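Residues 1 to 122 in UniProt numbering are what the sequence shown lists, from first letter to last.
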Amino acid sequence: MAGACVGFLLHNQYKASVFMGNTGSLALGGALAAMAGLTGMFFPLFIASGVFVVEASSVVMQVLYFKITKHLLGNGRHLFKMMPFHRHLELSGVKEPVIVAGAYLISSVLALFAGYVGLISV
Numbered sequence: 001m002a003g004a005c006v007g008f009l010l011h012n013q014y015k016a017s018v019f020m021g022n023t024g025s026l027a028l029g030g031a032l033a034a035m036a037g038l039t040g041m042f043f044p045l046f047i048a049s050g051v052f053v054v055e056a057s058s059v060v061m062q063v064l065y066f067k068i069t070k071h072l073l074g075n076g077r078h079l080f081k082m083m084p085f086h087r088h089l090e091l092s093g094v095k096e097p098v099i100v101a102g103a104y105l106i107s108s109v110l111a112l113f114a115g116y117v118g119l120i121s122v
């Protein structure tokens, strides 16, 4: 599974010509969840999923902030220019290859840390 993901990423560099879509991403997520369930290592999976957690939580934060400011101030304000967070970065002038490289770097560091946590928790 890891080899297929690496192959997909290497052959789908900027500008992307093939997109994974829901079927592939849900299958990968289900496989990761199944492996975590079989091994009992949910915390390392949560650590390794840090970029996805930030992306999803940015949407929740934007909606909550808008509703709270609408209730308190009468008009809703936005926390980010657009959601999810990587779209905010694009609108802020950060180039797409830089955003992707940053996500790869952060994901790699988190995956290494999650592997370490998994090793010491055995």
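Just so you know, even glycine gets a beta-carbon here, dropped at the ideal spot from N, CA and C.
The model shown is predicted, which means the values in this text are computed figures rather than measured ones.
Checklist line | Reference leucine 28, options Phe43, Ile99, Cys5 and Leu38, closest by Cα | finding: Nearest option by C-alpha distance: Cys5.
Next item on the list: Would you mind listing the alpha helix (DSSP H) stretches within the stretch 27-56 that are 4+ residues and don't spill past its ends, in chain order?
Entry: Fully enclosed alpha helix (DSSP H) runs of 4 or longer: 42-48.
Check: For serine 17, does the three-state DSSP call read helix, strand or coil?
Finding: DSSP places serine 17 in coil when its eight states are reduced to three.
Notebook entry, point to check: Going by the beta-carbon positions, is the gap between valine 117 and isoleucine 47 smaller than 8 Å?
Noted result: For the pair valine 117 and isoleucine 47, the CB atoms are nearer than the 8 Å cut-off.
Checklist line | Close beta carbons around methionine 66, own chain, < 8 Å, minus the five adjacent residues each side | finding: Sequence inspection shows phenylalanine at residue 66; the methionine mentioned does not correspond to that position. Apart from sequence neighbours up to five positions away, the residues of its chain that approach phenylalanine 66 with a beta-carbon distance below 8 Å are Gly76, Arg77, His78 and Leu79, ordered along the chain.
Next item on the list: Return the CA-CA distance between glycine 37 and serine 49, expressed in angstroms with no decimal places.
Entry: Glycine 37 and serine 49 have their C-alpha atoms spaced approximately 15 Å apart.
Margin query: Please give the ranges of any alpha helix (DSSP H) in the stretch 68-111, keeping only runs that are unbroken, at least 4 residues long and fully inside the region.
Written below: The stretch 68-111 contains these whole alpha helix (DSSP H) runs: 85-91.
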